[in-house]
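Protein chains: 2
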Amino acid sequence: MSVTATYTVTGMTCGHCVSSVKEELSEVAGVTGVDVVLETGAVTVTSSRELAQDEVEAAVKEAGYALA
Amino acid sequence: MSVTATYTVTGMTCGHCVSSVKEELSEVAGVTGVDVVLETGAVTVTSSRELAQDEVEAAVKEAGYALA
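Line order of the protein sequences matches chains A and B.
When we follow my numbering, the leftmost residue of the first sequence carries the number 1078, and every step to the right adds one.
When we follow my numbering, the leftmost residue of the second sequence carries the number 1078, and every step to the right adds one.
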């Protein structure tokens, strides 16, 4: 099973921010890939199970950012 | 001997950028302190000897930024 979902993350300003978001989201159980487009804040997460919004939100918050 | 000089660094957008600049400048021989004001790009470097502009520029560049 492979699930892909795209979120919008606010507050990222540079490549370091992108790395932080990727790192935290990659640690969520089942996540197999994270793509970020800095300019738009689009964060696409691929996972082996459906993720709860809470989990994604918590990881993004842990990185220091927020979901739009 | 303690020398304090302030430079303007462009391109820093967040706390990660500040950390990168501080880290690289701290590695320059003789540097004892680095203060950064993100909003203005002001970087104040304290050192035990006079630093060459080249050294400061190289460290800032290494961090991924530029002197104004």
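Where is the CB? At the ideal position from N, CA and C, for every residue including glycine.
Cβ shell of residue i (< 6 Å), same chain only, five flanking positions each side left out
i, result
"arginine 1126 of chain A", "Gly1107"
"valine 1137 of chain B", "Val1086, Leu1144"
"serine 1103 of chain B", "Val1111"
"glutamine 1130 of chain A", "none"
Terminal residues of the alpha helix (DSSP H) in which residue i lies
i, result
"valine 1098 of chain A", "1092-1103"
"alanine 1129 of chain B", "Here alanine 1129 of chain B belongs to no alpha helix (DSSP H), and DSSP marks it neither H nor E."
Beta-carbon separation (whole angstroms), residue i vs residue j, contact threshold 8 Å
i, j, result
"valine 1143 of chain B", "glycine 1088 of chain B", "This sequence places alanine at residue 1143 of chain B; valine is not what is there. About 6 Å; that satisfies the 8 Å criterion."
"valine 1120 of chain B", "valine 1080 of chain B", "Going by Cβ atoms, the distance from valine 1120 of chain B to valine 1080 of chain B rounds to 14 Å, so no, they are not a contact pair."
"valine 1122 of chain B", "leucine 1128 of chain B", "7 Å"
"threonine 1090 of chain A", "threonine 1090 of chain B", "4 Å"
"glutamate 1132 of chain B", "valine 1111 of chain B", "About 13 Å; that fails the 8 Å criterion."
"glutamate 1101 of chain B", "glutamate 1139 of chain B", "5 Å"
For residue i, the first and last residue of its enclosing beta strand (DSSP E)
i, result
"glycine 1110 of chain A", "1108-1114"
"threonine 1081 of chain B", "1080-1087"
Cβ neighbours of residue i in the same chain (closer than 8 Å, five flanking residues each side left out)
i, result
"threonine 1117 of chain B", "Thr1085"
"lysine 1099 of chain A", "Val1111, Val1113"
"threonine 1083 of chain B", "Ala1119, Val1120, Thr1121, Val1122"
"glycine 1095 of chain A", "Here residue 1095 of chain A is valine; the residue named in the question, glycine, does not match the sequence. Closer than 8 Å at the Cβ level, and outside the excluded window around valine 1095 of chain A, lie Met1089, Val1113, Leu1115."
Same chain, Cβ closer than 7 Å to residue i, five either side skipped, listed in chain order
i, result
"alanine 1141 of chain A", "The question names alanine, but residue 1141 of chain A in the sequence shown is glycine. Hits under 7 Å: Ser1097."
"methionine 1078 of chain A", "Ser1125, Arg1126"
Residues, ordered as in the chain, of the region 1088-1103 of chain B that lie near chain A by beta-carbon distance below 9 Å: So the list reads Gly1088, Met1089, Thr1090, Cys1091, Gly1092, His1093, Cys1094, Ser1096, Ser1097, given in the order they occur along the chain.
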